[in-house]
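In our numbering, the protein residues as written are 2 to 143. Quick reminder that beta carbons are idealized off the backbone N, C-alpha and C, glycines included. Please read all numbers here as calculations on a predicted model, not as lab measurements.
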């Protein structure tokens with residue numbers, strides 16, 4: 002699958018929107034090089050990154066789980082305050098992702114999905130940045 006790294010503008014927008022994350026458990030799905038997790042760590046969060054491949058990860062500052070994302074979401078017992086996902090271009094299983102992410106979100110937790118601006122998942126909060134959109138849901142909205 003081909004990947005699209007999160008642009009600097011979108012990354013900055015995400016962290017400006019979510020505000021203070023010091024001490025929060027942060028999960029990045031489809032992490033690639035884990036740049037979002039690294040930024041979360043800089044801002045005081047406790048990050049975990051999940052991706053099927055670890056070939057792009059060049060840091061030991063982030064807990065990395067080498068695993069299929071949907072499999073991880075089905076079986077993980079960990080809870081996270083914020084979950085960020087940036088699936089690859091050809092990802093097809095958005096319905097499964099939106100369903101399974103509830104398993105790892107803490108009460109009141111926030112799920113952030115980066116996706117093509119052409120897609121709409123019915124979130125109450127969707128921000129568009131050119132071809133990219135970011136949709137936000139609290140656990141109870143999923």
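_I'd like the list of long-range same chain contacts for residue 131, defined as Cβ closer than 8 angstroms, with 5 residues on each side in sequence excluded._
Taking the chain shown and counting its residues from 1, the one referred to as residue 131 is at position 130. If we look at residue 131 and ignore the five residues flanking it on each side, its Cβ neighbours are 118.
*Taking residue 91 as the reference, which of 120, 74, 112 has the closest Cα?*
Translated into positions along the chain shown, residue 91 becomes position 90. The shortest C-alpha separation from residue 91 is found at 120.
*Would you please state the rounded distance, in angstroms, between the beta carbons of residue 83 and residue 110? I believe it to be under 8 angstroms.*
Residue numbering aside, residue 83 sits at position 82 when the chain shown is read from its first letter. Residue numbering aside, residue 110 sits at position 109 when the chain shown is read from its first letter. Contact flag correct, Cβ pair sits at about 7 angstroms.
_Tell me which residues share the same chain as residue 10 and place their Cβ nearer than 7 angstroms to its Cβ, disregarding the 5 neighbours each side in the sequence._
Indexing the chain shown from 1 puts residue 10 at position 9. So the qualifying residues of the chain are 130.
_Endpoints, alpha helix (DSSP H) assigned at residue 122_ = Your numbering for residue 122 matches position 121 in the chain shown. Where residue 122 is concerned, there is no enclosing alpha helix (DSSP H), given that its DSSP letter is neither H nor E.
*Could you round the C-beta distance between residue 79 and residue 105 to whole angstroms and report it? I think they count as a contact, below 8 angstroms.*
Looking up residue 79 in the chain shown gives position 78. Looking up residue 105 in the chain shown gives position 104. Residue 79 to residue 105, Cβ: 6 angstroms. Contact.
_Three-way DSSP call (helix, strand, coil) for residue 114 in this model_ = Sequence index remark: in the chain shown, residue 114 carries index 113 (1-based). Strand at residue 114.
_Where residue 20 falls, given that 16 or more other Cβ within 10 Å makes a residue buried_ = Translated into positions along the chain shown, residue 20 becomes position 19. Per the 10 Å Cβ criterion, exposed.
*asked:* For a test of the three-state rule: what should DSSP assign to residue 12, helix, strand or coil?
replied: To locate residue 12, count along the chain shown from 1; it is residue 11. DSSP places residue 12 in the helix class (H, G or I) of the three-state scheme.
*Helix or strand or just coil, what does DSSP make of residue 36?*
Mapped onto the chain shown, residue 36 falls at position 35. Residue 36 falls in the helix class under three-state DSSP.
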